[in-house]
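Numbering (my numbering), first residue to last: 154 to 587.
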């Protein structure tokens, strides 16, 4: 697998170098020079594959000879060892549940795969690898558990003070070992900006070996294609050949992975981005002006991103042509009030308990289906377990669910965090001194 930078299309680097460098020096993100198509015979046979088998076929197609097949199969088998079921709610409407992994969020797919790929490539004689990650909630927990105890790797997680749920914060701060949590007095965009500035800092690049576990890293994006193929194969078993995917969208890595799967040959009718009040992309598709505003805190905190990094990748996948993009992507934005209404409506209509992000996706799915009827299934993505949001979901609804084993005992564990201003010099000094 050879990659280029969206900021320099003449650049050519191998997969191993891209995952460790994470972010090109030029303004841009790494993308594959060629997007191979999945063998049509395998595509038709996907309903016969379980998730790890399917994931291996997709990974093998994308990565080419970057990792020997026997090693890749082992990596995928260890990383993708939990289910991703599609649950039908109504005729032509289903939800893809991506919260059955260790951290109860879809980020487990990317974090677990990435940690094992990095561990595979890492030379034990090399300098300590410092993984920097900004999180608006779920990424940090998934990365912490994915990298916990991996030798030769140290993880520093930046999260916005007061803007993650109590369970999310415990998942970030109770690990110890090689995992460090920084509570930043700012927004997710501020955390993300600190991480990006660190990668472009010559002093840090000389002193430390830095990489990222955010979705700016191509190794996070690749495994997220797996569950799109898996969802489609489950819908195909119902006799429906085409799917519209509705994706809760913050940093837009999740939907970028879906579009990558579509480029690989997955028959997707349409993608729908569901956002909260941080509506940069819906406004862009409507007005043609890409104008990020300051991030607004909402109930769906993992989507509180005003300037999504992966939008660069999405535009690149459509050759920078807005009209071509609009043929395949729609977008809707909803308020906190509409989010809480959607949580209640989902429960009333289907006895389904959804997190705020999932509720927004369902709301977008209903809007899209009413505006574009047709012979296709609509699958909205459920990206986090609802137990992470006790302050948003009414107790009479949340109380109908048993507490998952992944969070039992979290409150009894000791929390370790370092508070920090939104100040790059302070962050730089912390990294250099540690």
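Glycine included, C-beta positions come from ideal geometry on N, C-alpha and C.
Looking at the DSSP output, residue 398 bridges to 424 and 532. Judged by pairs of C-beta atoms under 8 Å, the segment 154-164 touches the segment 176-192, as three or more such pairs exist. Between the beta-carbon of residue 438 and that of residue 374 there is about 22 Å, and that puts the pair past the 8 Å contact cut. Look at residue 243 here: in three-state DSSP terms it is strand. Residue pairing of residue 255 in beta bridges, as defined by DSSP: absent, with no partner found. Taking the Cβ atoms as the reference, residue 274 lies roughly 20 Å from residue 379, outside the contact range of under 8 Å.
Contact annotation, residue 533 with residue 248: C-beta distance approximately 6 Å; criterion of less than 8 Å satisfied.
Inclusion of residue 517 and residue 458 in the CB contact set at 7 Å is not warranted, their separation being larger than that value.
Contact check for residue 268 against residue 299 passes: the beta carbons are separated by less than 7 Å. Non-local beta-carbon contacts of residue 216 in its own chain, meaning distances under 8 Å to residues more than five positions away in sequence, involve 154, 168, 225 and 375 in chain order. Here DSSP, grouped into helix, strand and coil, assigns residue 162 to strand. Each of 208, 540 and 481 was checked against the Cα of residue 555, and the nearest Cα belongs to 540. Per the Cβ contact rule, the segment 185-202 is in contact with the segment 385-397 (3 or more Cβ pairs under 8 Å). Fully contained in the segment 161-214 are the following alpha helix (DSSP H) runs of length 4 or more, in chain order: 168-174 and 193-198. Between residue 417 and residue 191 the beta-carbon gap is near 5 Å, inside 8 Å, which marks them as a contact. DSSP places residue 570 in no alpha helix (DSSP H); its state is neither H nor E.
Minimum Cα-Cα distance from residue 514 among the listed residues 428, 220 and 381 corresponds to 428. Rounded to the nearest angstrom, the Cβ distance from residue 455 to residue 340 is 13 Å, too far for a contact under 8 Å.
As a beta-bridge residue in DSSP terms, residue 248 pairs with 240 and 533. In this structure, residue 320 and residue 271 do not form a Cβ contact; the two beta carbons are roughly 26 Å apart against a cut-off of 8 Å. By the neighbour-count definition (other C-beta atoms within 10 Å, threshold 16), residue 472 is an exposed residue. Scanning 529, 218 and 467 for the CA closest to the CA of residue 393 turns up 529. Excluding its 5 nearest sequence neighbours in each direction, residue 391 has C-beta neighbours in its own chain below 8 Å: 241 and 530, listed in chain order.
294 is the residue among 318, 585, 294 and 342 whose C-alpha sits nearest the C-alpha of residue 327.
A Cβ-Cβ distance of about 14 Å is found for the pair residue 220 and residue 371, leaving them out of contact under the 8 Å criterion. The criterion of a C-beta distance shorter than 7 Å is satisfied by residue 235 and residue 254.
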